[in-house]
Amino acid sequence: MTTPMNRTPLLLMVLVTLLAAAGWLFSKEAIRELPPAAFIGSRFLLAALLLLPLAWLREPPPTRAQLLRAAGCGTLLGASLLLWVTAISQSDALGSGAFIMSVATLMAPLAAWGAFRAKPGRHYWLTLPIAIAGLLLLSSSTHWGGDRPEQTGVSLSLFWFLAAATTLGIQLAVHRHFAQSIAPTWLTCIQLAMTSLLGTLLSLLTEQWPEAGVSHGIWGWFAASVLIATTLRYWLLTHALSKMTTAHAALMMLLEPVWTLLLSTLFYSEPLGGAKLAGAGLVLGALVLYQLPLLLRSARLKPTT
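For the sequence shown, UniProt numbering begins at 1 and goes up steadily by one.
Here's what the structure looks like:
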């Protein structure tokens, strides 16, 4: 029988995925007036500064080699997030975008195979075609932006989402290969700082702030992005991961694109056609199948009481 204590980390993970989905909404609203790259730079700078005292007090500082590895991971993360914020600045199809971003989990093994010769197992090759079929259905049935609401299929915002997911997949592969020995709070703090640096540099080179200034409401969305969708979400995620297996956590994280699709439908009237739902279902099914062996292995290793 499941006890309340056992349910606590599961409920925390549900909350974490809800906050992650809300982060899409917070970001979309904030960049209606804030320059996208400046938004990323400012958001992640403040988040890194908020986490820095926790890292300093709880964990030993990283060595120079660890710092360089973490900075490399952060550079890839920053590139992915800048591509992502470009995509959401051009499209209201946040739900479809969230499902595309979730496929980064399946792109990571390909990146690891190319970079580190870590060949994926047979099970991976069974799930990949399902995910590709889902992506094709999603991309062909979604209006990604543009002047005509009926326009679906290939668009520039779809390209940005795919580029962001691919870069995130590479980041996940590098993270798993190089950064496992780094204390987690320091690792997160350094990656957030590098993301901030990239966003700030890109903004200084390419963006201008609105001459009329930024309204107070936009700063509210920005604060929600920093405090709720980034800092609070990370703290809750760390607490939940300390009380549950990686397999269960990975499975629970699949709720994020589901919540994002629901929020996008509610706030931006994102259409939910049959083809889009089928595509989302195929992507979600592929991700569940990919995580299933790890989940079953974890269940076999779990001690009985």
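Ideal Cβ placement from N, Cα and C applies to all residues, glycine included.
Of all the options T167, H143, Q90, which has the alpha carbon lying nearest to the alpha carbon of L106?
-> T167
Just how far apart, CA to CA, sit L82 and A65?
-> 26 angstroms
Extent of the continuous alpha helix (DSSP H) to which W219 belongs = 216-226
Roughly how many angstroms lie between the CA atoms of P257 and L54, to the nearest whole one?
-> 29 angstroms
Where do the N-terminal and C-terminal ends of the alpha helix (DSSP H) with W259 fall, by residue?
-> 255-268
Pull up the distance between the alpha-carbon of I170 and that of I40, whole angstroms please.
-> 20 angstroms
If you count every other CB in all the chains shown that lies within 10 Å of the CB of Q191, and 16 or more means buried, which is it?
-> buried
Can you tell me whether L12 is buried or exposed, with buried defined as 16 or more other CB within 10 angstroms of its CB?
-> buried
Whose C-beta lies closer than 6 angstroms to the C-beta of T304 among residues of the same chain, with five residues either side of it excluded?
-> Low confidence applies here, because T304 scores a pLDDT of 48, under 50, leaving its location unreliable and the question unanswered by this model.
Can you check the segment 2-59 for any alpha helix (DSSP H) of at least 4 residues that lies completely inside it and give the ranges in chain order?
-> 4-30, 36-58
H123 burial status per 10 Å Cβ neighbour count (16 or more: buried) | exposed
C-alpha distance - residue 310 paired with G199, whole-angstrom precision = Here the chain comprises residues numbered 1 to 305, so residue 310 is not present and cannot be evaluated.
Using 10 angstroms around the beta-carbon of F116, count the other beta-carbons present and answer buried if the total reaches 16, otherwise exposed.
-> exposed
Between A21 and W259, which are expected to be in contact by the criterion C-beta below 8 angstroms, what is the C-beta distance as a whole number of angstroms?
-> 3 angstroms
Do T195 and F26 have their CB atoms nearer than 7 angstroms?
-> no
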